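Asks: Whatever position you read off the sequence shown (first residue = 1), add 1 for the numbering used here. Dumping the structure here so I can ask a few things about it.
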Amino acid sequence: MTAAFFPAQDEVRQWLQDAAHIAMLTGAGVSAESGVPTFRDAQTGLWANFRAEDLATEAAFRRDPQRVWDWYAERRANMVHVQPNAGHHAVAAFQQRHPGRLTLATQNVDGLHQKAGSPEVLALHGNIFDDQWLDPCALARRPQDGCGVAQAEPGHPPRCAQCGNLLRPAVVWFGEMLPMDALAAAEQAAERCDVMLVVGTAGAVYPAAGLAHQARAAGARVVIVNPHPSELDDIAHRVLAGTSAQVLPQLLDF
Ligand code: OAD
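Right under this line is the structure:
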């Protein structure tokens, strides 16, 4: 089956060809066709069945570490075998063909852009397969010394063998700061790009969604790829109402 090629898509492809620099922001929608559930899609989205405040905040983890750990463990298990789709591959191949021309920032923690071979990915919300300590080590003499060995009883959140500190998933939870270097690089790209491609995100979570506003204010053309309306449609020059696995290979094939 070949996807329809809309005139707007033709025009956007031309903008991309003319662009010296492209910034790209992706969200859960780019992984939907790999089988990873999104957050806000009705019925299938994770937040249709769970409350974000119960699972994706530090307070939730402190209140019930086991519940949050288990939820992330299940998501990890579901993600470990998923494969990048045609959208991820199109981006990675483009970055490889045109080094430095496209800066990719993602809100996704699934690692699929990296798996597809994208040489540089600004992981704004972290990586679900990494862990980090919840607190500074209570026994360390210097603040920069972390805990020692994590002890894991099967099925329980791992703890520091010495001070009891907990390991948590190294993702950005609601109310937390984004990794400073990644955010700064993404902002710089938004500031200097000619085209900002916003793909597979509802545009509801800041500061990530702010990158689109920033690019628009700095004079870039803003293009959205999303089969459904998003909160950023109003600031876009073009909205391509298709899926990322259909549209990206056609936009980024040069
Ligand atoms: P959302 O679940 O909020 O939005 C997913 C978007 O993808 C929706 O606008 C869908 O219409 C669109 N979509 C669905 N299938 C698609 C497809 N095949 N191709 C293109 N688009 C498609 O996910 P995000 O916007 O990424 O943060 O959510 C942002 C953040 O909110 C996440 O990183 C996560 C979440 O809570 C944290 O956990 C901190």
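Backbone N, C-alpha and C fix where the C-beta goes; we use that ideal spot for every residue, glycine too. These figures come from a predicted structure and were not determined experimentally.
Hey, out of Ala183, Val206, Glu177, whose CA is closest to Ala61's CA?
Replies: As a position in the sequence shown, residue 61 is number 60, starting the count at 1. Considering only alpha carbons, the answer is Glu177.
Asks: Secondary structure at Gln125, three-state DSSP: helix, strand or coil?
Replies: Sequence index remark: in the sequence shown, residue 125 carries index 124 (1-based). It is worth fixing the name first, because residue 125 is Leu in this sequence and not Gln. If DSSP states are grouped into helix, strand and coil, Leu125 belongs with coil.
Asks: Go ahead and label Phe175 buried or exposed: buried means 16 or more other beta carbons lie within 10 angstroms of its beta carbon, across all protein chains shown.
Replies: For the purposes of this step, residue 175 is taken as residue 174 along the sequence shown, with counting starting at 1. So Phe175 counts as exposed.
Asks: May I ask you to check if the CB of Thr39 is nearer than 7 Å to at least one heavy atom of the ligand OAD?
Replies: Position 38 of the sequence shown, counted from the start, is the residue given in the question as residue 39. Taking 7 Å as the cut-off, one finds at least one heavy atom of the ligand OAD near enough to the beta carbon of Thr39.
Asks: Do Gly112 and Ala93 have their CB atoms nearer than 8 Å?
Replies: For the purposes of this step, residue 112 is identified with residue 111 of the sequence shown, where counting begins at 1. For the purposes of this step, residue 93 is identified with residue 92 of the sequence shown, where counting begins at 1. No, they are not a contact pair.
Asks: Can you name, in chain order, every residue of its own chain whose Cβ lies under 7 Å from the Cβ of His214, other than the five neighbours on each side?
Replies: Counting from one through the sequence shown, the residue named residue 214 turns up at place 213. For His214, where only same-chain residues beyond five positions count, the Cβ hits under 7 Å are Ile236.
Asks: When burial is assigned at 16 or more other CB atoms within 10 Å of the CB, is Ala104 buried or exposed?
Replies: Walking along the sequence shown from the start, residue 104 turns up at place 103. Position check: residue 104 holds Thr in this sequence, whereas Ala was assumed. By the neighbour-count rule (16 or more Cβ atoms within 10 Å), Thr104 is buried.
Asks: With DSSP collapsed to three states, give me the class of Gln92.
Replies: Position 91 of the sequence shown, counted from the first residue, corresponds to residue 92. Just to set this straight, residue 92 is Val in the shown sequence, not Gln. Helix, per DSSP.
Asks: Would you list, in sequence order, the uninterrupted alpha helix (DSSP H) runs of no fewer than 4 residues that lie entirely inside the segment 136-212?
Replies: 181-193
Asks: Rank Asp234, Ala221, Glu232, Gly243 by C-alpha distance to the C-alpha of Asp19 and give the top, closest one.
Replies: Here the question's residue 19 lines up with position 18 in the sequence shown. Checked all of Asp234, Ala221, Glu232, Gly243; the closest Cα to Asp19 is Ala221.
Asks: When the Cα of Ala219 is compared with those of Asp195, Leu135, Gly201, Gln96, which residue comes out closest?
Replies: Here residue 219 refers to the residue found at position 218 when the sequence shown is read from its first residue. The candidate whose alpha carbon is nearest that of Ala219 is Asp195.
Asks: Name the residue from Trp134, Ala43, Ile225, Gly243 whose alpha carbon lies nearest to the alpha carbon of Leu198.
Replies: On the sequence shown, residue 198 is found 197 positions in, with the first residue counted as 1. Out of Trp134, Ala43, Ile225, Gly243, Ile225 has the C-alpha closest to the C-alpha of Leu198.
Asks: What does the alpha-carbon distance come out to for the pair Met2 and Pro159?
Replies: Looking up residue 2 in the sequence shown gives position 1. Looking up residue 159 in the sequence shown gives position 158. Reliability fails at Met2, whose pLDDT of 45 lies under 50, so the model's placement of it is uncertain and no value is given.
Asks: Is any heavy atom in the ligand OAD found nearer than 7 Å to the beta carbon of Gln84?
Replies: In the sequence shown, the residue the question calls residue 84 occupies position 83. No, the beta carbon of Gln84 sits no closer than 7 Å to any heavy atom of the ligand OAD.
Asks: Nearest to Ala43 by CA position, among Leu252, Trp134, Ala203, is which residue?
Replies: For the purposes of this step, residue 43 is taken as residue 42 along the sequence shown, with counting starting at 1. Comparing alpha-carbon positions, the option among Leu252, Trp134, Ala203 lying closest to Ala43 turns out to be Ala203.
Asks: Give me the residue from Arg102, His99, Thr107, Pro155 with the minimum Cα distance to Trp70.
Replies: Start at 1 with the first residue of the sequence shown, and residue 70 comes out as number 69. Here the closest residue by C-alpha is Pro155.
Asks: Please classify Arg52: does DSSP put it in a helix, a strand, or coil?
Replies: Counted from its first residue, the sequence shown places residue 52 at position 51. Correct three-state label for Arg52: coil.
Asks: One question on the structure: do Ala242 and Leu212 come within less than 8 Å of each other, judged by their Cβ atoms?
Replies: As a first step, residue 242 is located in the sequence shown; it is residue number 241 there, counting from the start. As a first step, residue 212 is located in the sequence shown; it is residue number 211 there, counting from the start. Cβ distance not < 8 Å, so Ala242 and Leu212 don't count as in contact.
Asks: How would you label Thr107, buried or exposed, when you count the other beta carbons within 10 angstroms and need 16 or more for buried?
Replies: Within the sequence shown, numbered from 1, the residue matching residue 107 stands at position 106. In summary, Thr107 is buried, with 16 or more beta-carbon neighbours lying within 10 Å of its beta-carbon over all protein chains present.
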